[in-house]
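Numbering (our numbering), first residue to last: 9 to 289. We put the CB at the ideal spot given by N, CA and C, even for glycine.
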Amino acid sequence: MYLLFDIGATNSRLALSQDYNTFEKPLIFTTPQNFNDWIDRIKKEKDLIGMDRRIQKVVVGIRGILNKEKSMIIKDTYLNDWVDKPLKERLSEIFNSEVLIENDASLAGLGEAVKGAGKGYKIVAYITLSTGIGGVRIVDGKIDANRFGFEPGHQIIDCDGTVFPHINGKEKDWSLGELESLASGKSILLRFGKNPQEITDKNIWREIHKNIAVGLANTIVHWSPDVVVLGGALVNKITIQNIILELEKVLKIFPELPLIKKSELGDFSGLYGGLEYSKQI
């Protein structure tokens with residue numbers, strides 16, 4: 009029996025797998041900003057998630073930068089209270105089993121590469137457009153070698169502060185020029201005062217599509233993928249064809265664009281990725 013976790017900035021998902029290829033109906037709840045509150049919630053849910061059955065392995069996908077031992081996150085822009093907290097140790101104590109931790113976007117991309125929109129392609133670039141923006145490069149069905157993971161959402165696409173100029177001569181905050189600051193769900197709410205689902209202004213969406221396309225262009229020239237898979241909650245509000253049109257304007261170096269596809273596994277891509285990851289490690 010495997011226990012799978014997908015911990016995002018907005019929601020946490022968990023599910024049990026008995027056959028290592030599928031999983032039972034996931035339990036979904038809002039991710040507490042406080043680490044101990046999340047741990048307490050997991051303890052309370054033990055009966056619901058099958059503690060009467062032996063858990064052989066726990067696989068966790070969580071946003072943020074992991075330490076080298078992959079036992080905790082050491083930096084994140086949303087789950088601040090989780091930083092340097094012993095996630096692996098606490099879960100190992102609760103479930104008395106082996107615990108594997110990986111970045112949430114990396115597991116989502118792995119899931120899409122093996123069972124979803126990227127299946128059958130050698131090099132898959134996965135980008136999640138959600139509360140934040142993350143991503144991963146998958147090669148031959150495995151997360152590509154890396155030192156600290158992949159963070160395409162933190163690439164700078166507004167170098168001169170066109171969107172967020174620095175104020176009163178203060179030192180420039182380069183993070184304001186990052187893709188995540190210009191095209192994520194949270195940034196859209198901060199910039200326009202509305203959630204993406206509430207925005208109908210075509211000019212706003214044109215700008216968002218352009219920013220996403222610029223970020224994808226950078227990712228494509230760095231990773232040279234066969235296919236780019238877009239996932240996350242925001243993917244249902246964007247138009248793939250508009251992304252392609254913007255990409256064609258800015259990406260000229262390659263003879264053709266890679267395929268651009270929407271996620272096929274939706275909110276559960278990270279859980280599918282967790283299943284695959286558990287087999288590989």
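Identify whether residue i lies in helix, strand or coil by the three-state DSSP scheme.
{"i": "Ala125", "result": "coil"}
{"i": "Glu206", "result": "helix"}
{"i": "Leu259", "result": "coil"}
{"i": "Leu108", "result": "strand"}
{"i": "Glu188", "result": "helix"}
{"i": "Gly193", "result": "helix"}
{"i": "Leu279", "result": "helix"}
{"i": "Ile81", "result": "strand"}
{"i": "Ile289", "result": "coil"}
{"i": "Ile246", "result": "coil"}
{"i": "Arg199", "result": "helix"}
{"i": "Thr227", "result": "helix"}
{"i": "Asp181", "result": "coil"}
{"i": "Leu115", "result": "helix"}
{"i": "Ile220", "result": "helix"}
{"i": "Asp89", "result": "helix"}
{"i": "Ile212", "result": "helix"}
{"i": "Asn44", "result": "helix"}
{"i": "Phe103", "result": "helix"}
{"i": "Lys96", "result": "helix"}
{"i": "Ile63", "result": "coil"}
{"i": "Glu159", "result": "coil"}
{"i": "Lys51", "result": "helix"}
{"i": "Glu284", "result": "helix"}
{"i": "Leu253", "result": "helix"}
{"i": "Glu120", "result": "helix"}
Please state whether the Cβ-Cβ distance between residue i and residue j is less than 9 Å.
{"i": "Lys93", "j": "Leu273", "result": "no"}
{"i": "Ile15", "j": "Asp166", "result": "no"}
{"i": "Val235", "j": "Gly126", "result": "yes"}
{"i": "Val68", "j": "Glu110", "result": "yes"}
{"i": "Leu279", "j": "Ala17", "result": "no"}
{"i": "Lys270", "j": "Ile248", "result": "yes"}
{"i": "Leu238", "j": "Pro204", "result": "no"}
{"i": "Ser79", "j": "Trp46", "result": "no"}
{"i": "Ile70", "j": "Phe13", "result": "yes"}
{"i": "Glu186", "j": "His217", "result": "no"}
{"i": "Tyr291", "j": "Gly143", "result": "No answer is possible for residue 291: the residues shown for the chain start at 9 and end at 289."}
{"i": "Leu99", "j": "Phe43", "result": "no"}
{"i": "Thr139", "j": "Lys83", "result": "no"}
{"i": "Leu108", "j": "Tyr285", "result": "yes"}
{"i": "Ser192", "j": "Ile246", "result": "no"}
{"i": "Leu35", "j": "Ser25", "result": "no"}
{"i": "Gly149", "j": "Ser277", "result": "no"}
Taking the DSSP output, what are the residues bridged to residue i?
{"i": "Asp14", "result": "Arg21, Gly69"}
{"i": "Ile151", "result": "Ile146"}
{"i": "Phe37", "result": "Ser20"}
{"i": "Tyr134", "result": "Val144, Val237"}
{"i": "Ile268", "result": "Val236"}
{"i": "Leu292", "result": "For the chain, the structure presents residues 9 to 289; residue 292 sits outside this window and is missing."}
{"i": "Ile164", "result": "Glu186"}
Suppose you measure from the CA of residue i to the CA of residue j; what does that come to, to the nearest Å?
{"i": "Leu190", "j": "Ile164", "result": "10 Å"}
{"i": "Tyr28", "j": "Leu283", "result": "6 Å"}
{"i": "Lys33", "j": "Val258", "result": "42 Å"}
{"i": "Asp221", "j": "Val91", "result": "It is Ala, not Asp, that sits at residue 221 in the sequence shown. C-alpha separation (whole angstroms): 31 Å."}
{"i": "Ala121", "j": "Phe158", "result": "16 Å"}
{"i": "His162", "j": "Asn226", "result": "12 Å"}
{"i": "Ile196", "j": "Arg62", "result": "43 Å"}
{"i": "Thr38", "j": "Arg214", "result": "31 Å"}
{"i": "Pro40", "j": "Lys210", "result": "34 Å"}
{"i": "Thr136", "j": "Lys52", "result": "30 Å"}
{"i": "Glu206", "j": "Glu264", "result": "35 Å"}
{"i": "Ile151", "j": "Gly281", "result": "10 Å"}
{"i": "Arg155", "j": "Ile73", "result": "10 Å"}
{"i": "Arg199", "j": "Arg145", "result": "29 Å"}
{"i": "Val229", "j": "Leu267", "result": "14 Å"}
{"i": "Glu101", "j": "Leu224", "result": "41 Å"}
{"i": "Ile131", "j": "Leu115", "result": "15 Å"}
{"i": "Asn292", "j": "Glu97", "result": "Outside the displayed span of the chain (9 to 289) sits residue 292, for which this structure offers no information."}
{"i": "Ser105", "j": "Lys76", "result": "20 Å"}
{"i": "Phe103", "j": "Asp55", "result": "12 Å"}
{"i": "Ile289", "j": "Ile81", "result": "19 Å"}
{"i": "Glu188", "j": "Trp231", "result": "19 Å"}
Would you say residue i lies against chain C (beta-carbon separation less than 9 Å)?
{"i": "Lys260", "result": "Among the protein chains of the structure shown there is no chain C, as only one such chain exists."}
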